[in-house]
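Protein chains in written order, with our numbering: chain A, 1 to 117; chain W, 118 to 233. Glycine is no exception: its CB is placed at the ideal position from the N, C-alpha and C atoms.
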Amino acid sequence: AQTVTQSQPEMSVQEAETVTLSCTYDTSESDYYLFWYKQPPSRQMILVIRQEAYKQQNATENRFSVNFQKAAKSFSLKISDSQLGDAAMYFCAYRSAMKTSGSRLTFGEGTQLTVNP
Amino acid sequence: DSGVTQTPKHLITATGQRVTLRCSPRSGDLSVYWYQQSLDQGLQFLIHYYNGEERAKGNILERFSAQQFPDLHSELNLSSLELGDSALYFCASSPATGTGYRRGYTFGSGTRLTVV
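Next up, the structure:
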């Protein structure tokens with residue numbers, strides 16, 4: 001079974017600074033997808049960014065980018081120019097590409113990000 | 118509006134009672150997933166249905182059950198409720214294959230269950 005580990009329960013960053021959230025995963029599969037979700041105080045789950053394992057290029061979405069290291073099974077999220085609205089719980093997630101009827105997302109434990117003004 | 122509808126948004130009930138949570142997936146999505154999130158905890162996978170059939174079970178208690186109906190909406194039934202069942206219950210939907218599958222889930226806004 002796949003596992004996802006986020007080793008930083010809490011992180012903080014100053015407004016306008018850059019922060020990196022860590023995520024590692026364990027899998028024997030070669031084809032899969034990785035995601036970062038954000039959960040603000042409203043508790044709504046919001047997709048931040050996704051990465052397809054067969055793509056070597058790191059995904060980027062505006063101020064959010066990832067560092068995907070497939071051999072190391074590492075998938076970190078970098079938030080540039082942090083804003084107060086970035087404060088939230090961030091979850092890393094893994095999804096297999098192998099199942100014909102779809103497969104579940106496996107989530108890490110989450111990292112609570114605080115943005116200080 | 119994400120396209121996934123969960124009802125009710127809030128539910129308060131007493132220990133020992135039974136409740137039903139409802140989820141309507143995004144149009145065209147055949148897969149429905151249920152997760153439980155206790156206070157300040159991560160998301161625990163409960164169960165996955167695909168086109169009416171159960172596909173995978175996670176940490177779902179025997180007191181809990183689910184089903185997916187022909188119109189693809191799903192219900193999560195929680196019975197003999199205990200204080201520890203108080204949590205946010207998420208439903209999410211997804212296509213099974215293709216571009217939509219690679220985008221991950223579409224989440225509902227959750228049902229907050231409080232057992233008193």
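Practice item. Within 10 angstroms of the Cβ of A:S103, are there 16 or more other Cβ atoms? Answer buried if so, exposed if not. Key: One-based indexing of the first sequence puts residue 103 of chain A at position 103. Burial call: buried.
Point to revise | 8 Å Cβ cutoff, A:M11 in contact with chain W | key: Numbered from 1 along the first sequence, position 11 holds the residue referred to as residue 11 of chain A. No, because no Cβ of chain W sits closer than 8 Å to the Cβ of A:M11.
Review point. Taking the C-alpha atoms as reference points, what is the distance between W:L163 and W:L195?
Key: For the purposes of this step, residue 163 of chain W is identified with residue 46 of the second sequence, where counting begins at 1. For the purposes of this step, residue 195 of chain W is identified with residue 78 of the second sequence, where counting begins at 1. W:L163 and W:L195: Cα-Cα distance of roughly 12 Å.
Check your understanding: Can you name the residues of chain A whose CB is closer than 9 Å to the CB of W:Y206?
Key -> As a working note, residue 206 of chain W is residue 89 in the second sequence. Residues of chain A passing the Cβ test: none, with the nearest at roughly 11 Å.
**Study point:** Beta carbon proximity, W:A183 to chain A, threshold 8 Å
**Key:** For this step, residue 183 of chain W is matched to residue 66 along the second sequence. W:A183 has a beta carbon lying at 8 Å or more from every beta carbon in chain A.
Practice item. Round the Cβ separation of W:F207 and W:Y152 to the nearest angstrom and send it over; I've been treating them as touching at under 8 Å. Key: Your numbering for residue 207 of chain W matches position 90 in the second sequence. Your numbering for residue 152 of chain W matches position 35 in the second sequence. That pair is a contact at about 4 Å.
**Study point:** Where A:Y33 meets chain W, residues with beta-carbon distance less than 9 Å
**Key:** The residue labelled residue 33 of chain A in the question sits at position 33 within the first sequence. Going along chain W in sequence order, the residues near A:Y33 (Cβ under 9 Å) are Y218, R219, R220, G221.
Point to revise | Backbone secondary structure at A:D26 - three-state DSSP | key: Taking the first sequence and counting its residues from 1, the one referred to as residue 26 of chain A is at position 26. A:D26 carries a strand assignment under DSSP once its states are collapsed to helix, strand and coil.
Check your understanding: Measuring CA to CA, which of A:D86, A:Q2, A:T106, A:S80 is closest to A:C92?
Key -> Here the question's residue 92 of chain A lines up with position 92 in the first sequence. Of A:D86, A:Q2, A:T106, A:S80, the residue nearest in Cα terms is A:T106.
Review point. Can you tell me the Cα-Cα spacing of W:T124 and W:A209, whole angstroms?
Key: In the second sequence, counting from the first residue as 1, residue 124 of chain W sits at position 7. In the second sequence, counting from the first residue as 1, residue 209 of chain W sits at position 92. Within the model, the alpha-carbon separation for W:T124 versus W:A209 is close to 13 Å.
Check your understanding: From W:D188 to W:V121, what does the alpha carbon distance come to, in whole angstroms?
Key -> For this step, residue 188 of chain W is matched to residue 71 along the second sequence. For this step, residue 121 of chain W is matched to residue 4 along the second sequence. So the two alpha carbons sit approximately 14 Å from each other.
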